[in-house]
């Protein structure tokens with residue numbers, strides 16, 4: 022299936038948002054995820070099913086002072 026992730030179309034085999042993030046090694050990182058226009062809490066990444074054409078935006082948290 023194809024997802025648009027941060028503006029780029031990708032072909033993926035993942036079934037859930039957590040599967041996708043694990044594949045990209047982002048699952049345990051400090052990130053915020055918007056899925057089809059809605060912020061997704063980390064607690065439901067495993068329950069969020071992916072479908073062809075979904076749009077995902079991922080933002081990395083950067084610390085500093």
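Residue numbers (the numbering used here): 22 to 86. A virtual CB, placed ideally from N, CA and C, is assigned to each residue, including glycine.
For residue 33, DSSP records no beta bridge to any residue. Secondary structure note for residue 53: its beta strand (DSSP E) is the uninterrupted segment 52–56. If you check the CB distance, residue 77 and residue 30 do not come in under 8 Å.
Contact between residue 36 and residue 75 does not hold, since their C-beta atoms are separated by about 12 Å, which reaches or exceeds 8 Å.
Beta bridge pairing from DSSP links residue 44 with no other residue. Bridge partners of residue 83 according to DSSP: none are assigned.
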